[in-house]
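Peer 1: Under the working numbering, the letters of the sequence shown match residues 45 to 565, in that order. Even glycine gets a Cβ: it sits at the ideal position worked out from N, Cα and C.
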Amino acid sequence: MPAGGFVVGDGQKAYPGKLTPFVLFTCVVAAMGGLIFGYDIGISGGVTSMPSFLRRFFPSVYRKQQEDATTNQYCQYDSPTLTLFTSSLYLAALISSLVASTVTRKFGRRLSMLFGGILFCAGALINGFAKHVWMLIVGRILLGFGIGFANQAVPLYLSEMAPYKYRGSLNIGFQLSITIGILVAEVLNYFFAKIKGGWGWRLSLGGAVVPALIITLGSLVLPDTPNSMIERGKHEEAKTKLRRIRGVDDVSQEYDDLVAASKESQSIEHPWTNLLRRKYRPHLTMAIMIPFFQQLTGINVIMFYAPVLFNTIGFTTDAALMSAVVTGSVNVAATLVSIYGVDRWGRRFLFLEGGTQMLICQAVVAACIGAKFGVDGTPGELPKWYAIVVVTFICIYVAGFAWSWGPLGWLVPSEIFPLEIRSAAQSITVSVNMIFTFIIAQIFLTMLCHLKFGLFLVFAFFVVVMSIFIYIFLPETKGIPIEEMGQVWRSHWYWSRFVEDGEYGNGLEMGKSSNQGTKHV
Ligand code: BGC
Numbered sequence: 045m046p047a048g049g050f051v052v053g054d055g056q057k058a059y060p061g062k063l064t065p066f067v068l069f070t071c072v073v074a075a076m077g078g079l080i081f082g083y084d085i086g087i088s089g090g091v092t093s094m095p096s097f098l099r100r101f102f103p104s105v106y107r108k109q110q111e112d113a114t115t116n117q118y119c120q121y122d123s124p125t126l127t128l129f130t131s132s133l134y135l136a137a138l139i140s141s142l143v144a145s146t147v148t149r150k151f152g153r154r155l156s157m158l159f160g161g162i163l164f165c166a167g168a169l170i171n172g173f174a175k176h177v178w179m180l181i182v183g184r185i186l187l188g189f190g191i192g193f194a195n196q197a198v199p200l201y202l203s204e205m206a207p208y209k210y211r212g213s214l215n216i217g218f219q220l221s222i223t224i225g226i227l228v229a230e231v232l233n234y235f236f237a238k239i240k241g242g243w244g245w246r247l248s249l250g251g252a253v254v255p256a257l258i259i260t261l262g263s264l265v266l267p268d269t270p271n272s273m274i275e276r277g278k279h280e281e282a283k284t285k286l287r288r289i290r291g292v293d294d295v296s297q298e299y300d301d302l303v304a305a306s307k308e309s310q311s312i313e314h315p316w317t318n319l320l321r322r323k324y325r326p327h328l329t330m331a332i333m334i335p336f337f338q339q340l341t342g343i344n345v346i347m348f349y350a351p352v353l354f355n356t357i358g359f360t361t362d363a364a365l366m367s368a369v370v371t372g373s374v375n376v377a378a379t380l381v382s383i384y385g386v387d388r389w390g391r392r393f394l395f396l397e398g399g400t401q402m403l404i405c406q407a408v409v410a411a412c413i414g415a416k417f418g419v420d421g422t423p424g425e426l427p428k429w430y431a432i433v434v435v436t437f438i439c440i441y442v443a444g445f446a447w448s449w450g451p452l453g454w455l456v457p458s459e460i461f462p463l464e465i466r467s468a469a470q471s472i473t474v475s476v477n478m479i480f481t482f483i484i485a486q487i488f489l490t491m492l493c494h495l496k497f498g499l500f501l502v503f504a505f506f507v508v509v510m511s512i513f514i515y516i517f518l519p520e521t522k523g524i525p526i527e528e529m530g531q532v533w534r535s536h537w538y539w540s541r542f543v544e545d546g547e548y549g550n551g552l553e554m555g556k557s558s559n560q561g562t563k564h565v
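1) Among 143, 168, 217, 104, which residue has its Cα nearest to the Cα of residue 72?
2) Can you give the Cα-Cα distance for residue 477 and residue 306, rounded to whole angstroms?
3) Which word fits residue 480, buried or exposed, when buried means at least 16 other C-beta atoms lie within 10 angstroms of its C-beta?
4) With burial defined as no fewer than 16 other Cβ atoms inside 10 Å of the residue's Cβ, what is the status of residue 317: buried or exposed?
5) Could you tell me whether the stretch 127-142 touches the stretch 184-197, where touching means 3 or more Cβ pairs closer than 8 Å?
6) Would you be able to state if there are at least three C-beta pairs under 8 Å between the stretch 405-413 and the stretch 426-441?
7) Would you check if the stretch 72-89 and the stretch 203-221 touch, i.e. whether three or more CB-CB distances between them fall below 8 Å?
8) Consult DSSP for residue 50 and reduce its assignment to one of helix, strand or coil.
9) On the DSSP bridge list, what partners appear for residue 194?
10) For residue 58, does the three-state DSSP call read helix, strand or coil?
11) Would you say the beta carbon of residue 347 comes nearer than 7 Å to a heavy atom of ligand 1?
12) What does the alpha-carbon distance come out to for the pair residue 299 and residue 278?
13) Quick one: grab the DSSP three-state call for residue 536.
14) Does ligand 1 have even one heavy atom less than 7 Å from the beta-carbon of residue 215?
15) When you compare only the Cα positions, how much space is there between residue 12 and residue 544?
16) Could you tell me if residue 290 is buried or exposed, where buried requires 16 or more neighbouring beta carbons within 10 angstroms of its beta carbon?
17) Excluding sequence positions up to five away, which residues of its chain have a Cβ less than 8 Å from the Cβ of residue 387?
18) For ligand 1, any of its heavy atoms closer than 7 Å to the Cβ of residue 329?
19) What number of angstroms, rounded off, separates the C-alpha of residue 156 from the C-alpha of residue 147?
20) Any heavy atom of ligand 1 inside 7 Å of the beta-carbon of residue 85?
21) Note down, in chain order, each residue of its chain lying with its Cβ closer than 7 Å to the Cβ of residue 507, except the 5 sequence neighbours on either side.
22) Would DSSP call residue 529 helix, strand or coil?
23) For residue 230 and residue 509, what's the separation of their Cα atoms in angstroms?
24) Measuring alpha carbon to alpha carbon, tell me which of 416, 234, 253 ends up nearest residue 184.
25) Measuring only the C-alpha atoms, how far is residue 86 from residue 241?
26) Is there at least one non-hydrogen atom of ligand 1 closer than 7 Å to the beta-carbon of residue 110?
27) Would you report the Cα separation of residue 559 and residue 311, rounded to the nearest angstrom?
28) Taking the straight line between their C-alpha atoms, what separation do you get for residue 170 and residue 191?
29) So, under 8 Å CB-CB, residue 394 and residue 452 are touching, yes? Tell me the CB distance rounded to an integer number of Å.
Here's what the structure looks like:
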């Protein structure tokens, strides 16, 4: 039997280890970090369509909505201050994810999660008690700081903790929490909007305290990852933890590889400038392009503005929130499909299938909205079947995203970076994600007002581009240990020219020894 790791015939390294209850527990708790992000995404759209909230903080939008009911439906929510409320959070998250990079690297992944939880808690309280617009914005900024920390640390934590064979599924726990957070928020909005006296929005916004407490308490009980412990010089502790996590006594091969990766990492003084080195070109490209494309699918148009959108196509406020609940449930269910399939079918298959599905749906939705609303935005009577067709295709679109770009947009970056750039590169991923979430949140309503149904075609165009990008440039990363990832670039037709043999990372990947195609035991 193998002592420690061994190389299997296809050139991939394999470490012994099981899916232990301990690792499952830590991953489930850590994945809950996604709840705060999801809760926020789900709550914003519903709150900004509650009349009492608009009347109090955004009276001009409220008046316009009252007066405009029969005219141009594309433009009724077009207000920069209203969108600033939604999007200020993403700018804050962008900044804090950069700070989180240092915290995560120097003090461990858990501490970043703890900071994330505490900041989010503070923001939720300020929002729940808000009396003025500025309080709303300050609250949103604190929430954003929290999300920046959590999204930087949680995906890394999961990818490092998980046995490599289950890394995809365990990492997608993060996306599952995001989708659960969105759904819970949407259901709460639906009920809170009905509260007499119109103060339900306070409960919606203040309710964010609950997911914040979960991740705060969770981070206090979690152990740090062995990779991070070794990086911070705690070698013995790391070895003991690794044995516990993997559920086997002989973890020497994996441990030695982690130590070697950490040595390489220690020699790097400036992780940021280091990222610019030629050998990290594939990583940097993916760190930027994957989150960029994830946002350009247009998913957050649905997530933030589903109630507004459903309202626009003729639902009442109540039915609009209900429709959002429907899309939210599809989002959760389809994420489960991804958890099941990601380590079986691989990342590339899901990316490409999801892209095709989204493309078809975007074309259909654009055609439906175009046919009824035309270019002047005056639909007249909308038959029920019409709304059902639009909602159905929106749901199929959401499912496509939820088993492809949604989870993989977080999984793939967190598993491809070598330790020495992992923390910095993950911050780039979070920042790019946030900046494009911000841009889309900020300009969507204006774009809807001007581009009308053509807006959906813009996103469709990007879905085509991103699918081609994946097809050509993304190697399959399924079933490869995280500190061994160098081999996928070395054997890639394009990236191999940047990542020369022996030049990559600490040179411990098994691509070299695998040439013999033997099985070391
Ligand atoms: C994205 C979010 C999106 C969510 C929807 C996440 O992966 O980063 O922007 O709102 O998925 O489920």
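Peer 2: Let me lay it out:
1) Position 28 of the sequence shown holds residue 72. For the residues 143, 168, 217, 104, the minimum Cα distance to residue 72 belongs to 217.
2) Here residue 477 refers to the residue found at position 433 of the sequence shown. Here residue 306 refers to the residue found at position 262 of the sequence shown. Between residue 477 and residue 306, the C-alpha separation is close to 27 Å.
3) Residue 480 sits at position 436 when you count from the first residue of the sequence shown. By the neighbour-count rule (16 or more Cβ atoms within 10 Å), residue 480 is buried.
4) Taking the sequence shown and counting its residues from 1, the one referred to as residue 317 is at position 273. Exposed is the call here.
5) yes
6) Because the criterion of three Cβ pairs below 8 Å is met, the stretch 426-441 and the stretch 405-413 touch.
7) Of all C-beta pairs linking the stretch 203-221 to the stretch 72-89, three or more are shorter than 8 Å, placing the two stretches in contact.
8) Looking up residue 50 in the sequence shown gives position 6. Note that residue 50 has pLDDT 42, beneath the 50 cutoff, so the model's placement of it is unreliable and no number is given.
9) Along the sequence shown, one-based indexing puts residue 194 at 150. Beta-bridge pairing links residue 194 to no other residue.
10) Taking the sequence shown and counting its residues from 1, the one referred to as residue 58 is at position 14. Of the three classes helix, strand and coil, the one that applies to residue 58 here is strand, per DSSP.
11) Reading the sequence shown from its first residue, position 303 is the one you call residue 347. Yes.
12) Along the sequence shown, one-based indexing puts residue 299 at 255. Along the sequence shown, one-based indexing puts residue 278 at 234. If you take the alpha carbons of residue 299 and residue 278, they lie about 12 Å apart.
13) If you number the sequence shown from 1, residue 536 lands on position 492. In this structure, residue 536 counts as coil in the three-state DSSP scheme.
14) Taking the sequence shown and counting its residues from 1, one reaches residue 215 at position 171. Residue 215 Cβ: outside cutoff for every heavy atom of ligand 1.
15) Only positions 45 to 565 of the chain appear in the structure, and residue 12 is not among them; the question remains open.
16) Here the question's residue 290 lines up with position 246 in the sequence shown. The residue is buried, with at least 16 neighbouring Cβ atoms inside 10 Å.
17) Along the sequence shown, one-based indexing puts residue 387 at 343. Around residue 387: 209, 210, 211, 212, 213, 522, 523.
18) As a first step, residue 329 is located in the sequence shown; it is residue number 285 there, counting from the start. No - ligand 1 has no heavy atom lying nearer than 7 Å to the Cβ of residue 329.
19) On the sequence shown, residue 156 is found 112 positions in, with the first residue counted as 1. On the sequence shown, residue 147 is found 103 positions in, with the first residue counted as 1. One Cα belongs to residue 156, the other to residue 147, and the distance between them is close to 6 Å.
20) Residue mapping note: residue 85 aligns to position 41 of the sequence shown, counting from 1. Correct: residue 85 has its Cβ closer than 7 Å to ligand 1.
21) Stepping through the sequence shown from its first residue, residue 507 is reached at position 463. Answer for residue 507: 341, 399, 402, 403, 406, listed in chain order.
22) Taking the first residue of the sequence shown as position 1, residue 529 is located at position 485. The answer is coil: DSSP assigns residue 529 none of H, G, I, E or B.
23) Taking the first residue of the sequence shown as 1, we reach residue 230 at position 186. Taking the first residue of the sequence shown as 1, we reach residue 509 at position 465. In a straight line, the C-alpha of residue 230 is about 31 Å away from that of residue 509.
24) Position 140 of the sequence shown holds residue 184. Nearest option by C-alpha distance: 253.
25) In the sequence shown, counting from the first residue as 1, residue 86 sits at position 42. In the sequence shown, counting from the first residue as 1, residue 241 sits at position 197. Their backbone Cα atoms lie some 23 Å apart in a straight line.
26) In the sequence shown, residue 110 corresponds to position 66, counting from 1. No, the beta carbon of residue 110 sits no closer than 7 Å to any heavy atom of ligand 1.
27) Here the question's residue 559 lines up with position 515 in the sequence shown. Here the question's residue 311 lines up with position 267 in the sequence shown. Confidence at residue 559 is low in this model, with a pLDDT of 33, below 50, so the placement of that residue should be treated as unreliable; the coordinate-derived value is given next. Approximately 29 Å between the Cα atoms of the pair.
28) The count along the sequence shown starts at 1 and reaches residue 170 at position 126. The count along the sequence shown starts at 1 and reaches residue 191 at position 147. So the alpha carbons of these two residues sit roughly 16 Å apart.
29) Working through the sequence shown from its first residue, we reach residue 394 at position 350. Working through the sequence shown from its first residue, we reach residue 452 at position 408. About 6 Å separates the two Cβ atoms, so the contact holds.
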